[in-house]
Amino acid sequence: MWEINLIACLVFGSWLSLVKVSRSVPDYVSFIGNLPYSAREEDVANFFWQVGPVTSVRIVLDRDTGRPRGFGFCEFETEAAAEQAVGSMNHAEFMGRQLRVDRAISR
Numbered sequence: 125m126w127e128i129n130l131i132a133c134l135v136f137g138s139w140l141s142l143v144k145v146s147r148s149v150p151d152y153v154s155f156i157g158n159l160p161y162s163a164r165e166e167d168v169a170n171f172f173w174q175v176g177p178v179t180s181v182r183i184v185l186d187r188d189t190g191r192p193r194g195f196g197f198c199e200f201e202t203e204a205a206a207e208q209a210v211g212s213m214n215h216a217e218f219m220g221r222q223l224r225v226d227r228a229i230s231r
């Protein structure tokens with residue numbers, strides 16, 4: 125999810141390498157909202173595997189408490205699977221809660 129661009133430049137007769145890091149969200153990542161606090165990443169991956177191969181799942185944790193914040197991101201192997209997740213899994217019931225599924229947007 126991090127895109128790294130390396131740039132080399134000549135400064136005072138010596139080479140320096142500068143690293144430019146920019147956040148980019150691939151087209152095959154979906155935002156998953158209203159997750160149960162008891163949900164594990166494996167649970168989410170198994171649930172979303174119905175629409176296509178899942179590459180990774182990340183449940184966002186509170187910095188101070190380390191507890192889940194109730195949302196996360198699911199990365200799919202293909203853009204088509206991510207689109208299908210948004211189309212068919214939005215408002216689906218998961219572990220007793222109605223999920224909100226949308227395309228992930230970079231900030």
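The sequence shown begins at 125 in our numbering and counts up one residue at a time. Even for Gly, the Cβ is constructed at its ideal location relative to N, Cα and C.
Short of 7 angstroms in beta carbon distance, which residues of its chain neighbour Glu203, apart from the five on each side in sequence? Order them along the chain. Counted from its first residue, the sequence shown places residue 203 at position 79. Its chain contains Asp151 and Tyr152 as the residues whose beta carbon lies nearer than 7 angstroms to that of Glu203, once the 5 sequence neighbours on both sides are disregarded; these appear in chain order.
Ser154 in three-state terms, based on DSSP: Here the question's residue 154 lines up with position 30 in the sequence shown. Ser154: strand per DSSP, three-state reduction.
Starting from Ser212, trace the alpha helix (DSSP H) both ways and give me its first and last residue. Your numbering for residue 212 matches position 88 in the sequence shown. Per DSSP, Ser212 belongs to the alpha helix (DSSP H) from Glu203 to Met213.
With a threshold of 6 angstroms on Cβ separation, who are the neighbours of Ile183 within its own chain once the five nearest residues in sequence on each side are excluded? Residue mapping note: residue 183 aligns to position 59 of the sequence shown, counting from 1. Counting only Cβ-Cβ distances below 6 angstroms, and skipping sequence neighbours, we find Glu165, Pro192 and Gly196.
Which one of Gly220, Asn170, Leu185 and Ser230 has the shortest CA to CA distance from Ala209? Residue numbering aside, residue 209 sits at position 85 when the sequence shown is read from its first letter. Closest in alpha carbon position to Ala209, among Gly220, Asn170, Leu185 and Ser230, is Asn170.
Residue range of the alpha helix (DSSP H) that Val168 falls in? Mapped onto the sequence shown, residue 168 falls at position 44. Looking at the DSSP string, the run of the alpha helix (DSSP H) that includes Val168 is Glu165 to Phe172.
Are the beta-carbon atoms of Gln205 and Val181 separated by less than 8 angstroms? What you label residue 205 is simply residue 81 of the sequence shown in a count that begins at 1. What you label residue 181 is simply residue 57 of the sequence shown in a count that begins at 1. The sequence given here has Ala at residue 205, not Gln. No, the Cβ-Cβ distance between Ala205 and Val181 is not below 8 angstroms.
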